[in-house]
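Colleague: Residue numbers (mature numbering (1 follows the signal peptide of the UniProt record, and there is no 0)): -21 to -1, 1 to 385.
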């Protein structure tokens, strides 16, 4: 089956690519205004060709529910996100704009297809990208211009569909109605899942193409209209929609995030154990409603405070003062994570390292540079074994370790 299907799909791409290229010629990767009418004429043709492509690949698609119009909901939120094959939800939804990693536009052939949807592009290792993405989504969904609807996978990472992880807030920050879209793959053998541990993309593709057919269910749930409180609190809005979707899927929810996965991947690459400390750190920080965009800008200031303390301990009053937050239960819980001796004091340097990890989860080198800077008090380019142990504990969740054996 695989050679026949690959040959048929390759032949179809001879027609697909020129149509996508024509609709994007002269367009910026991140458009500032909607495509003109003549460009939009290509959308029905692209949708039909994509439908044929998935059919040739052996996908049998069952659609439930009714797709909302742009006036009813300008954002689709699709979950669970487990594979690149989830792109079928975009086809079923009529090729709306998608939120995608910026590097995907450079993929041969597929990049043109992505650009044809007028995407919102995210640069994951850019600390300002999160804010820019939210602003772009807000601009489009509140504009009177004829922007297409936006489809977002709010989990922001591929999972194995056993639960719904924490939703990112980009789809919910505008406070507008959203339409949840459920994805199911009711097959005896799971060949489509593509996660950070498991089949490679190539293996998943070959295994799926080798099946007689692959069933997919795409369900459009009723549009969810946020109440006044949810419009003001995107975290509440996101969690409410996530619970509704999880109940419909019959799966639990978990507070893990894309960043947690990156933390564990980094620890695995360094052959270090990963404890629950940093995951708990994320949860408590969310309860405090810390704005990571602002926190990132404050890192250098926090680092200066930490260096000036020369490893001295601070109490919760000073901690609250540094963060400009009132003393509350979540703040006390955050403080307790770093109060290792239960003596009411912490090393502020370890907190700054924790923030660096959360703000730069994909940049291990930057994390280590910041950590070394904080502990190299005499600026001679060397640290002690005890200080190295403190860095490993704060940056990667490593418990007390005999670093002399490393």
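Where is the CB? At the ideal position from N, CA and C, for every residue including glycine.
On a predicted model such as this, the values are computed, not experimentally measured, just so you know.
1) Per DSSP, what kind of secondary structure is residue 52 in: helix, strand or coil?
2) Should residue -18 go down as buried or exposed, given a rule of 16 or more other Cβ atoms within 10 Å for buried?
3) Compute the distance between the beta-carbons of residue 126 and residue 23, then report whether it is under 8 Å.
4) If contact is defined by three or more beta carbon pairs under 8 Å, each pair taking one atom from either stretch, is the region 53 to 60 in contact with the region 156 to 170?
5) CB residue 76 to CB residue 99, shorter than 8 Å?
6) Take residue 25 as the anchor and find which of 116, 5 and 71 has the nearest alpha-carbon.
7) Assuming residue 157 is part of the beta strand (DSSP E), what are its boundary residues?
8) For the putative contact between residue 196 and residue 44, defined by C-beta atoms under 8 Å, what is the C-beta separation to the nearest angstrom?
9) Compare the beta carbon distance of residue 312 and residue 295 with 8 Å and say whether it is the shorter of the two.
10) For residue 130, report the span of its beta strand (DSSP E) as first-last.
11) Less than 8 Å between the C-beta atoms of residue 39 and residue 194, yes or no?
12) If contact is defined by three or more beta carbon pairs under 8 Å, each pair taking one atom from either stretch, is the region 144 to 157 in contact with the region -9 to -2?
13) Name, in chain order, the residues that DSSP records as bridge partners for residue 99.
14) Is it true that the CB of residue 116 sits closer than 8 Å to the CB of residue 56?
15) Have a look at 49, -15 and 78 and flag the residue whose alpha-carbon is nearest the alpha-carbon of residue 389.
16) Quick check on residue 232: does DSSP put it in helix, strand or coil?
17) For residue 80 versus residue 101, is the C-beta spacing smaller than 8 Å?
18) Out of -20, 11, 145 and 174, state which residue places its alpha-carbon closest to the alpha-carbon of residue 216.
19) Taking only the alpha-carbon atoms, compute the straight-line gap between residue -7 and residue 171 and give it to the nearest angstrom.
20) To the nearest angstrom, report how far apart residue 111 and residue -21 are at their CA atoms.
21) How big is the Cα-Cα spacing for residue 299 and residue 147?
Modeller: Taking the coordinates as given:
1) coil
2) exposed
3) No; because the gap between Cβ atoms is not below 8 Å, this pair is not in contact.
4) yes
5) yes
6) Taking residue 25 as reference, the option from 116, 5 and 71 with the minimal CA-CA separation is 71.
7) 157 to 163
8) With a Cβ gap of about 10 Å, residue 196 and residue 44 do not count as contacting.
9) no
10) 129 to 131
11) yes
12) These segments do not touch.
13) 78
14) No.
15) Coverage of the chain is limited to positions -21 through 385, which leaves residue 389 absent and any answer about it impossible.
16) The answer is strand: DSSP assigns residue 232 an E or B state.
17) yes
18) Of the candidates -20, 11, 145 and 174, the residue whose Cα lies closest to the Cα of residue 216 is 145.
19) 26 Å
20) 44 Å
21) 27 Å
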